[in-house]
Amino acid sequence: MKIILKIIEDKLQKFFEEQLHFFNDSDPFVQLSKDLLLIMEENIQIENEQKHIPNIYRISVRENKVIDSENLGVWKNFIIELINETSKMNHLNLSGPVHIQFFYNPKIDSEYLIETANSSFSSGKTVSMPTTQALPDAENESVHAYLITPYDSIFPIQKIITNIGRNEDNDMVIDNLRVSRLHAQIREVDGRHLLFDLDSTTGTKVNGQRISQHFLSQGDVIDIGDVPLIYNHDAAEDIRKESKSTTKSFNLQENQR
Numbered sequence: 216m217k218i219i220l221k222i223i224e225d226k227l228q229k230f231f232e233e234q235l236h237f238f239n240d241s242d243p244f245v246q247l248s249k250d251l252l253l254i255m256e257e258n259i260q261i262e263n264e265q266k267h268i269p270n271i272y273r274i275s276v277r278e279n280k281v282i283d284s285e286n287l288g289v290w291k292n293f294i295i296e297l298i299n300e301t302s303k304m305n306h307l308n309l310s311g312p313v314h315i316q317f318f319y320n321p322k323i324d325s326e327y328l329i330e331t332a333n334s335s336f337s338s339g340k341t342v343s344m345p346t347t348q349a350l351p352d353a354e355n356e357s358v359h360a361y362l363i364t365p366y367d368s369i370f371p372i373q374k375i376i377t378n379i380g381r382n383e384d385n386d387m388v389i390d391n392l393r394v395s396r397l398h399a400q401i402r403e404v405d406g407r408h409l410l411f412d413l414d415s416t417t418g419t420k421v422n423g424q425r426i427s428q429h430f431l432s433q434g435d436v437i438d439i440g441d442v443p444l445i446y447n448h449d450a451a452e453d454i455r456k457e458s459k460s461t462t463k464s465f466n467l468q469e470n471q472r
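Quick look at the structure:
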């Protein structure tokens, strides 16, 4: 299926000219935008007779200039809106909220590497510009998992029981008043990770649905209160090396989403 890209490309050009005041193919954001839209189209998948475009985009960059750019936040917000609009315009589905994460990895061969995933299932594809490689088999990596925080840092899940909450004695500490002192727990059960809500005040959601317990799959978007975390288990050891940092605690107040 081909996505109708003309309207999207016009919006993209208008964004660069009016909001970022440039449209030059030599700028990394311009080429990255074009490649991301192409990859979105190439990774359309069918599940339960419905077509899905990826809702998670993991972008590894060889140089820090993209991550450090003052335009990064504006670009991410615009691209997220554009992906949502593309989904509606082409009668496609998104299996969860759209998330875009950046990671610094000076070892990649190209300027950047884009990987996609859907919250309900693994995308099965990794697309690199200009090369392509396959993602690892998710089933073989299921116990080597991690959470991606709103700051695009990595929290490796290394214990049988991982507690998440506002108290300092939790394994993952989230300094946010909408997060309960002991909010949620991840347990390893038969080689998989099971998420529990621990009667928290504001609740725990997976892919927008409130849960009491839920077996996690690659790409699931977990909302602890209103703090989004992304569960993943592809190439766990590699991603820890690529990430700028791992984290035990972070501060995210309600107005800093």
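Numbering (this note's numbering), first residue to last: 216 to 472. Glycine included, every Cβ here is placed at the ideal spot set by N, Cα and C.
Item, Value
"Per-residue burial, Arg425 [other beta carbons within 10 Å of its own, 16 or more giving buried]", "exposed"
"Three-way DSSP call (helix, strand, coil) for Ser460 in this model", "Caution is warranted here: a pLDDT of 49 is assigned to Ser460, below 50, making its placement in the model unreliable, and no coordinate value can be reported."
"Option nearest Leu309 by Cα separation, candidates Gln428, Lys463, Asn422", "Asn422"
"Cut-off 6 angstroms between Cβ atoms - residues of its own chain near Val342, not counting five sequence neighbours on either side", "Confidence in Val342 is poor, its pLDDT being 38 and thus under 50, which makes the residue's placement unreliable; the coordinate value appears in the next sentence. Cβ within range, chain order: Ile254, Ile329."
"The segment 284 to 303 / the segment 383 to 399 touching (three or more Cβ pairs under 8 angstroms)", "no"
"Beta-carbon proximity of Arg428 to Tyr446, cut-off 9 angstroms", "Arg is not the amino acid found at residue 428; the sequence shown has Gln there. Cβ distance not < 9 angstroms, so Gln428 and Tyr446 don't count as in contact."
"Pick from Val394, Phe430, Leu431, His408 that is closest to Thr416, judged by C-alpha positions", "Val394"
"Thr377: first and last residue of the uninterrupted alpha helix (DSSP H) it sits in", "No alpha helix (DSSP H) holds Thr377; the beta strand (DSSP E) holding it covers 376 to 380."
"Separation of Asn292 from Asn286, as counted between CA atoms", "10 angstroms"
"According to DSSP, residues forming a beta bridge with Thr416", "In DSSP, Thr416 forms no bridge with anything."
"Sequence-distant residues of its chain with Cβ nearer than 6 angstroms to Ile375 (five each side left out)", "Glu403"
"Reduced DSSP secondary structure (H/G/I, E/B, other) of Lys280", "helix"
"Residues near Leu235 in its chain [Cβ-Cβ closer than 8 angstroms; skip 5 each side]", "Phe244, Asn286, Val289, Trp290"
"Euclidean distance between Cα positions of Lys322 and Val276", "9 angstroms"
"Complete beta strand (DSSP E) runs within the segment 288 to 319 (minimum length 3 residues, chain order)", "314 to 319"
"Expected contact under 8 angstroms - CB spacing of Ile372 and His408 to nearest Å", "7 angstroms"
"Nearest-angstrom Cα separation, counted from Glu278 out to Phe318", "10 angstroms"
"Buried/exposed call for His306, threshold 16 Cβ in 10 Å", "exposed"
"Residue of Leu413, Ala360, Gly406 minimising C-alpha distance to Asn385", "Leu413"
"Spatially closest choice to Thr419 from Val436, Gly406, Glu224, by CA coordinates", "Val436"
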